[in-house]
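To start, the structure under review is shown below, and the notes come after it.
Protein chains in written order, with UniProt numbering: chain A, 1 to 160; chain B, 1 to 288.
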């Protein structure tokens with residue numbers, strides 16, 4: 001099959017790569033470019049472990065071909081920390097024990113980080129709905145919701 | 001679970017996409033990929049050629065034209081759910097779009113792909129049927145319109161031709177009409193076990209016109225004409241609604257899709273309950 005030359009911007013760095021049409025975006029990120037943060041879980045658009053942002057929106061990177069994303073701006077969990085310092089959301093996941101095995105965490109962080117950009121004083125129920133596309137089989141979600149709430153509280157406190 | 005090998009083409013216009021479909025035997029269109037890609041990975045579909053239409057101009061807008069709400073084929077479920085125009089003129093469609101999967105899935109999947117792929121389990125068909133919509137499609141013989149009532153012919157079977165591309169969903173706007181979508185969600189998959197769309201126009205205390213349609217565990221999405229007939233011209237009161245919703249119990253077992261988790265009897269019950277709830281909502285009639 002004909003391979004295709006594509007360009008992906010990942011966390012602000014441009015990458016040129018050559019992919020088979022059937023190569024998934026998550027496969028290109030992990031195996032061709034070494035961004036192994038996004039995990040491959042259910043492979044059926046349920047679990048959300050592969051969640052990344054493409055052109056500003058959270059999507060499941062197992063549900064699109066890399067060639068479809070030619071020229072796109074991709075953001076992965078590796079882009080959240082700055083200069084080795086965890087982002088506030090990541091710190092709160094650590095503080096609140098928002099993870100155990102950690103497999104769902106990169107996707108959970110990308111969904112939550114995207115949600116937090118526009119969230120305005122959400123209820124716990126609304127936070128749960130926002131992360132319904134990310135499955136965690138360890139925490140029971142309570143601590144994840146705690147971490148997201150704490151990030152919001154911290155952000156509000158810093159604005160006061 | 002790799003998808004089959006395929007040749008990939010990138011169309012920049014509707015005409016180019018149609019040409020590519022005609023040139024390549026078995027070619028399929030690729031938009032949001034949320035319908036086709038999972039089925040390619042399980043081997044349920046294996047198109048030798050995909051024509052990517054994501055870069056085609058003019059398929060991504062939501063606008064009011066000639067008295068219709070026109071929704072471009074590439075509009076995503078998230079855009080539909082967030083659109084003020086859709087909320088105002090076709091609330092059932094905004095409701096259904098907001099019920100799809102989760103935010104990542106709603107950001108990925110498109111309305112045109114959803115309808116053209118014809119997955120009978122999804123939310124949109126009930127809303128689209130209840131709203132009296134039609135699809136604008138383009139093929140090598142030119143443009144045509146497909147009434148939503150003629151669109152769904154089976155599970156993954158639609159009236160959209162092999163070499164045709166859906167360009168827009170068209171919903172007639174009628175003053176004084178309202179619509180809604182109610183669903184019983186499969187807790188595992190998020191798909192509707194049963195979803196019911198309802199549209200109605202009221203004249204004083206009388207139900208003037210109504211359209212009711214269902215999706216989910218049915219042989220294919222369909223209008224519920226017996227429910228509609230039982231309501232039209234009736235007084236706007238709870239008894240009329242209950243009596244009309246009971247019409248759904250006449251559906252035979254073979255009208256439902258076999259499902260190990262949900263028997264026809266259970267789905268029939270869900271259909272009756274969701275029909276009643278959707279009707280009370282759209283007609284603004286409280287329960288007892």
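Even glycine gets a Cβ: it sits at the ideal position worked out from N, Cα and C.
**Prompt:** Helix, strand or coil for residue 311(B) per DSSP?
**Reply:** Residue numbering for chain B in the displayed model covers 1 to 288; residue 311(B) lies beyond these limits and cannot be assessed.
**Request:** Check each residue of the stretch 217 to 231 of chain B: if its Cβ is closer than 9 Å to any Cβ of chain A, include it; give the result in chain order.
**Result:** none
**Request:** Determine whether the Cβ of residue 211(B) lies closer than 8 Å to any Cβ atom of chain A.
**Result:** no
**Message:** What does the alpha-carbon distance come out to for the pair residue 113(B) and residue 162(B)?
**Reply:** 14 Å
**Proximity of residue 74(A) and residue 10(A) at Cβ, strictly below 8 Å** = In contact: residue 74(A) and residue 10(A) (Cβ atoms closer than 8 Å).
**Item:** Three-state class that DSSP yields for residue 7(A) in the structure shown
**Value:** strand
**Request:** Mind the definition here: the stretch 114 to 126 of chain B touches the stretch 140 to 157 of chain A only if three or more C-beta pairs lie below 8 Å; say whether that holds.
**Result:** no
**Request:** Name the residue from 34(A), 153(A), 18(A) and 88(A) whose alpha carbon lies nearest to the alpha carbon of residue 65(A).
**Result:** 18(A)
**Request:** Verify whether the separation of the beta carbon atoms of residue 245(B) and residue 272(B) is less than 8 Å.
**Result:** yes
**Prompt:** Can a CB atom of chain A be found closer than 8 Å to the CB of residue 81(B)?
**Reply:** No, its Cβ sits nowhere closer than 8 Å to a Cβ of chain A.
**Rounded separation between residue 52(B) and residue 9(B) - CA only** = 6 Å
**Request:** Answer with buried or exposed for residue 159(A), where buried requires no fewer than 16 other C-beta atoms within 10 angstroms of its C-beta.
**Result:** exposed
**Request:** Please work out which residues of its chain come closer than 6 Å, Cβ to Cβ, to residue 127(B), disregarding the five sequence neighbours upstream and downstream, and give them in chain order.
**Result:** 92, 93, 96, 181 and 197
**Message:** Residues of chain A with CB closer than 8 Å to the CB of residue 184(B), please, in chain order.
**Reply:** In chain order: nothing, as chain A lies at least about 17 Å away.
**Item:** Delimiting residues of the alpha helix (DSSP H) encompassing residue 268(B)
**Value:** 264 to 283
**Request:** Pull up the distance between the alpha-carbon of residue 309(B) and that of residue 60(A), whole angstroms please.
**Result:** The structure shown does not extend to residue 309(B), since chain B spans only 1 to 288, so no value can be given for it.
**Prompt:** For residue 103(B), which three-state DSSP category applies?
**Reply:** Three-state DSSP puts residue 103(B) in a helix.
**Prompt:** Hey, would you say residue 38(A) sits closer than 8 Å to residue 106(A), going by beta carbons?
**Reply:** Result yes, Cβ atoms of residue 38(A) and residue 106(A) sit closer than 8 Å.
**Item:** Selected residue, minimal CA-CA separation from residue 50(B), among 221(B), 160(B) and 37(B)
**Value:** 37(B)
**Request:** Within 10 angstroms of the Cβ of residue 14(A), are there 16 or more other Cβ atoms? Answer buried if so, exposed if not.
**Result:** Looking at its Cβ environment, which holds fewer than 16 other Cβ atoms inside 10 Å, residue 14(A) is exposed.
**Prompt:** Which ranges does the alpha helix (DSSP H) cover as unbroken runs of at least 4 residues, wholly within the stretch 61 to 109 of chain A, from first to last along the chain?
**Reply:** 88 to 95
**Item:** Helix, strand or coil at residue 66(B) [DSSP, three-state]
**Value:** coil
**Request:** Over the uninterrupted alpha helix (DSSP H) stretch that includes residue 155(A), give me the two end residues.
**Result:** 142 to 159
**Asked** Mind pulling the chain B residues with CB within less than 7 Å of residue 67(A)?
**Response** In chain order: 8.
**Asked** Taking the C-alpha atoms as reference points, what is the distance between residue 58(A) and residue 139(B)?
**Response** 33 Å
**Message:** Considering Cα atoms alone, identify which of 133(B), 153(B) and 67(B) is closest to residue 145(B).
**Reply:** 133(B)
**Asked** Under the DSSP definition of a beta bridge, which residues are partnered with residue 165(B)?
**Response** Residue 165(B) is bridged to 138(B).
**Asked** Considering only residues of the same chain and omitting the five flanking positions on each side of residue 45(A), which have a CB-CB separation below 6 Å?
**Response** 60 and 63
**Asked** Taking Cβ positions, are residue 240(B) and residue 234(B) nearer each other than 8 Å?
**Response** yes
**Message:** Nearest by alpha-carbon distance to residue 176(B): which of 191(B), 150(B) and 203(B) is it?
**Reply:** Nearest C-alpha to residue 176(B): 203(B).
**Local conformation of residue 254(B) per DSSP, three classes** = helix
**Item:** Under 8 Å between C-beta atoms of residue 237(B) and residue 211(B)
**Value:** no
**Message:** Please list the terminal residues of the continuous alpha helix (DSSP H) segment that includes residue 200(B).
**Reply:** No alpha helix (DSSP H) holds residue 200(B); the beta strand (DSSP E) holding it covers 192 to 203.
**Request:** Check the Cβ-Cβ distances between residue 59(A) and every residue of chain B, and say whether any is below 8 Å.
**Result:** yes
**Asked** In chain A, which residues lie with their C-beta within 9 Å of the C-beta of residue 121(B)?
**Response** Within 9 Å Cβ-Cβ: nothing; residue 121(B) doesn't reach chain A, min ~14 Å.
**Prompt:** Can we say the stretch 15 to 30 of chain B touches the stretch 61 to 69 of chain B, given the rule of at least three CB pairs closer than 8 Å?
**Reply:** Segments in contact, no.
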